[in-house]
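Student:
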Amino acid sequence: MATAPKEAENTIGLEEIHMERQESPKGQKTFTVEEAVETIGFGRFHILLFLIMGSTGVAEAMEIMLIAVVSPLIRCEWQLQDWQVALVTTMVFFGYMVFSIVLGLLADRYGRWKILLLSFLWGAYFSLLTSFAPSYIWFVFLRAMVGGGVSGHAQGLIIKTEFLPTKYRGYMLPLSQVFWLAGSMLIIGLASVVNPTIGWRWLIRIASIPGILLILVFKFIPESARYNISMGNVAAALATLQRIAKMNGVAMPEGVLREPAKERRGRFKDLIHPKYLRTTLQIWIIWLGIAFAYYGVILASAELLERDLVCGSSAPPVQDSGDDSEESRSPCHCCLFGPAAYQTMIISTVGEIALNPLNIVGINFLGRRLSLSITMGCTALFFLLLNSYTSSAGMTGFLFMLRALVSANFNTIYIYTAEVYPTTMRALGMGTSGSLCRVGAMVAPFISQVLMNASFLGALCLFSSVCAVCAISAFTLPIETKGRALQVCITTTGAPAKCYSKCSLET
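In this note's numbering, the protein residues as written are 2 to 508.
1) Do the CB positions of Ser209 and Ala125 come within less than 8 Å of each other?
2) When the Cα atoms are used, what is the spatial distance from Leu104 to Lys161?
3) For Val38, tell me which candidate among Val467, Ser56, Leu165 has the shortest Cα-Cα distance.
4) Using the rule of at least 16 other Cβ atoms within 10 Å of the residue's Cβ for burial, across every protein chain shown, is Trp139 buried or exposed?
5) Work out the CA separation of Leu217 and Ile68 for me, nearest whole Å.
6) Under the criterion of a Cβ to heavy atom distance below 7 Å, does Leu49 qualify as lining the ligand ADP?
7) What's the call for Tyr343, buried or exposed, on a 16-neighbour Cβ count within 10 Å?
8) Return the chain-ordered list of same chain residues with a C-beta closer than 8 Å to the C-beta of Leu452, the five sequence neighbours on each side being excluded.
9) List the whole-angstrom C-beta distance separating Leu289 from Val440, where the pair is believed to meet the contact cut-off of C-beta under 8 Å.
10) Which residue spans inside the stretch 224-286 form an unbroken alpha helix (DSSP H) run of at least 4?
11) Considering only the alpha carbon of each residue, which of Ser349, Ile53, Thr280 lies closest to Leu306?
12) Let's see if you can read the secondary structure: which residues bound the alpha helix (DSSP H) around Pro1?
13) Mind checking who Phe32 pairs with in its DSSP beta bridge?
14) Just the Cα atoms here: how many angstroms apart are Ile286 and Ala455?
15) Could you check which residue in Arg259, Leu214, Leu52, Leu119 has the C-alpha nearest to that of Ser177?
16) For Asp63, collect the residues of the same chain with a Cβ closer than 7 Å to its Cβ; drop the 5 residues on either side in sequence, then sort them by chain order.
17) Can you have a look at Glu24 and say buried or exposed, based on whether 16 or more other CB atoms are within 10 angstroms of its CB?
18) If I measure Cβ to Cβ from Leu15 and keep anything under 6 Å in the same chain, skipping five residues before and after, which residues do I get?
19) If I measure Cβ to Cβ from Ala409 and keep anything under 6 Å in the same chain, skipping five residues before and after, which residues do I get?
20) At the level of alpha carbons, what is the spacing between Arg76 and Ile364?
21) Of the residues Phe399, Ile347, Leu282, Gly398, which one's Cα is nearest the Cα of Val421?
22) Just tell me which of Tyr137, Arg113, Gly148 has its CA closest to the CA of Phe127.
23) Over what stretch of residues does the alpha helix (DSSP H) that includes Ile414 continue unbroken?
24) Just the C-alpha distance for Gln450 and Thr91, rounded to the nearest angstrom, thanks.
25) Would you identify the three-state DSSP class for Gln82, choosing helix, strand or coil?
26) Using a Cβ-Cβ cut-off of 6 Å (strictly less than) and excluding sequence neighbours within five positions of Ser326, which residues of its own chain qualify?
27) Whole angstroms are fine: how far does the CA of Trp203 sit from the CA of Leu129?
28) Which same chain residues, not among the five before or five after Met402, have their C-beta less than 7 Å away from its C-beta?
29) Please classify Thr482 as buried or exposed, where buried requires at least 16 neighbouring CB atoms within 10 angstroms.
30) With distances taken Cα to Cα, identify the nearest neighbour of Ala419 among Ala60, Val257, Gly395, Ile284.
31) Run the CB neighbour count on Ser136, radius 10 Å, all protein chains shown included, and call it buried at 16 or more, exposed below.
32) Could you tell me the boundaries of the alpha helix (DSSP H) in which Gly557 lies?
33) How many whole angstroms separate the CB atoms of Ala155 and Phe447, which I take to be in contact at a CB cut-off of 8 Å?
34) From Val467 to Thr198, what distance separates their C-alpha atoms?
35) In whole angstroms, give me the CA-to-CA distance for Arg227 and Val235.
36) Taking 6 Å as the limit between beta carbons, can you name the residues of its chain near Ser101, skipping five residues before and five after?
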């Protein structure tokens, strides 16, 4: 066994590892990447990094939200049944789920930057091809490929996180939600202008432009220094850190950059360790339910706006006073959005940031479990209340609140999951939870776009029931992470720490 470490270093990052100090030869000073990042601090480089990597959220939101605004048109053009429209969204998330695993493994081997660039090239290529899809089958296949490309955008978040100093991560990462909101609103605004004039195929071509432009500016962002050091490429890591220090106008730490020793990474069986088994199962239920509700709300919004009583919907009729065209009075397969419908979608989308201040207060004062159980309970209630609206304004208000609540749910469970697991298994815990998230997203279309048209109240009751189960699961979580130090390894009462080096707590 290696000699005992002189001093344990604890770092918090997306792919954090416990690091040990090694004795310096002849008293020579050394520093790690983590120490260099903290010494360099926040500056011009990080602002550029935040804008470029954050903008990947704009491109991602536009590609994911695109289906919601083109589904009425492809339903009309190809005379699709409800299940066929739902299958498009499901296949997008199926591609997302499968490729996220593959691209994640490739990123660990070949680098974050290369996989990020590849994913944008892949996504832009297949998105453009989608605009030329000659049939429904081709459209579904090509959108699944786009979903696969979009899954690689997560590497932008990893690069951003690995370059940010610790104290800024808690502020900058939540702000990334603004980019997703901007992308969602942009695609809805474009759809309101492009769809009625030059058609949905041109909307898809225009929506691919932000991704193409981002490819051109990726050259300004270097490969992650943490990745380079993990691969033994100390020279490249040092050059990157020196470049950042120069841009920020600060000096590098004194000494020589060294490669730290790594601890054993977490394994899947660690997630079902007796100490975390119940927590893991309940977290998986919550992640699946939150994604099910989130994408259910988005797709239900489009479905409610597309259908009225004339088309056989069991939902209360909503008059779109802003559109009196022939299209709005066309057969059921061609119930297209009017101006008022797009306005409702934009207003409800803005709801995603409406509860952010209250959400932050709740998380920090009520605790993660109670805050999440309250917002999930309210989500269940508002799903049921959606059945009671009698006007367009009423529907807009309920959709606004639902978007606000499901967004708050995502914020809280993301924080809780990152805090509850030890460093050695934190990334693994987030990864498996993300996979369950995609499963929920894949199921949601068949409820929002198929069951809702057969039984409006039945669909709402199902969404509400799932949210109620998640609220109970959140309230009964065995561990509260508010004010709790982040653990480095699995420890059990009366048993030695399950680590290869000294077990300590991160503060």
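Heads up, the beta-carbon is just placed ideally off N, CA and C, and yes, glycines get one too.
Tutor: Quick answer:
1) When the beta-carbon positions are compared, Ser209 and Ala125 come within less than 8 Å of each other.
2) For Leu104 and Lys161, the distance between alpha carbons rounds to 17 Å.
3) Of Val467, Ser56, Leu165, the residue nearest in Cα terms is Leu165.
4) Classification for Trp139: exposed.
5) As the crow flies, the alpha-carbon of Ile68 is around 26 Å from that of Leu217.
6) Of ligands this structure carries none, so the ligand ADP is not represented either.
7) With 16 or more other Cβ atoms within 10 Å, it is buried.
8) Leaving aside the five residues that flank Leu452 on each side, the residues in its chain whose CB is nearer than 8 Å to its CB run, in chain order, Gly459, Ala460, Leu463.
9) The C-beta distance from Leu289 to Val440 rounds to 6 Å, short enough to meet the 8 Å contact threshold.
10) Fully enclosed alpha helix (DSSP H) runs of 4 or longer: 226-231, 235-249, 269-272.
11) Nearest to Leu306 by C-alpha distance, out of Ser349, Ile53, Thr280, is Ser349.
12) Nothing can be reported for residue 1, as the shown portion of the chain is limited to 2 through 508.
13) Partner(s): Leu258.
14) Here the alpha carbon of Ile286 sits roughly 26 Å from the alpha carbon of Ala455.
15) Of the listed residues, the one whose Cα sits closest to Ser177 is Leu52.
16) Reading off the sequence shown, one finds Met at residue 63, where the question assumed Asp. For Met63, where only same-chain residues beyond five positions count, the Cβ hits under 7 Å are Gly184, Leu187, Ile188, Ala208, Pro211.
17) Confidence in Glu24 is poor, its pLDDT being 45 and thus under 50, which makes the residue's placement unreliable; the coordinate value appears in the next sentence. Exposed: under 16 other Cβ atoms inside 10 Å.
18) Because the pLDDT at Leu15 is just 37, under 50, the model does not fix this residue reliably, and the point stays unresolved.
19) Only residues of its own chain outside the window of five on either side were considered, and among them Leu356, Asn360, Thr376 have a CB closer than 6 Å to the CB of Ala409, listed in chain order.
20) Going by the C-alpha atoms only, they are around 42 Å apart.
21) For Val421, the nearest C-alpha among the options comes from Leu282.
22) Taking each of Tyr137, Arg113, Gly148 in turn and checking the Cα distance to Phe127, the smallest one comes out for Gly148.
23) Per DSSP, Ile414 belongs to the alpha helix (DSSP H) from 393-421.
24) Spanning the two alpha carbons is a distance of roughly 11 Å.
25) Coil at Gln82, not helix or strand.
26) Reliability of the predicted coordinates at Ser326 is poor, the pLDDT of 40 falling under 50, and the value obtained from them is presented with this limitation in mind. Excluding positions up to five away in sequence, the list is empty.
27) Cα to Cα, the separation comes out at about 9 Å.
28) Around Met402: Gly352, Phe383.
29) Using a 10 angstroms sphere on the CB of Thr482, the tally of other CB atoms reaches 16 or more, which defines it as buried.
30) Ranked by how close their Cα comes to the Cα of Ala419, the residues Ala60, Val257, Gly395, Ile284 have Ile284 in first place.
31) Exposed.
32) One cannot answer for residue 557 here, as it falls past the ends of the chain, which runs 2 to 508.
33) About 26 Å separates the two Cβ atoms, so there is no contact after all.
34) Taking C-alpha positions only, Val467 is separated from Thr198 by approximately 40 Å.
35) About 10 Å.
36) Ser152.
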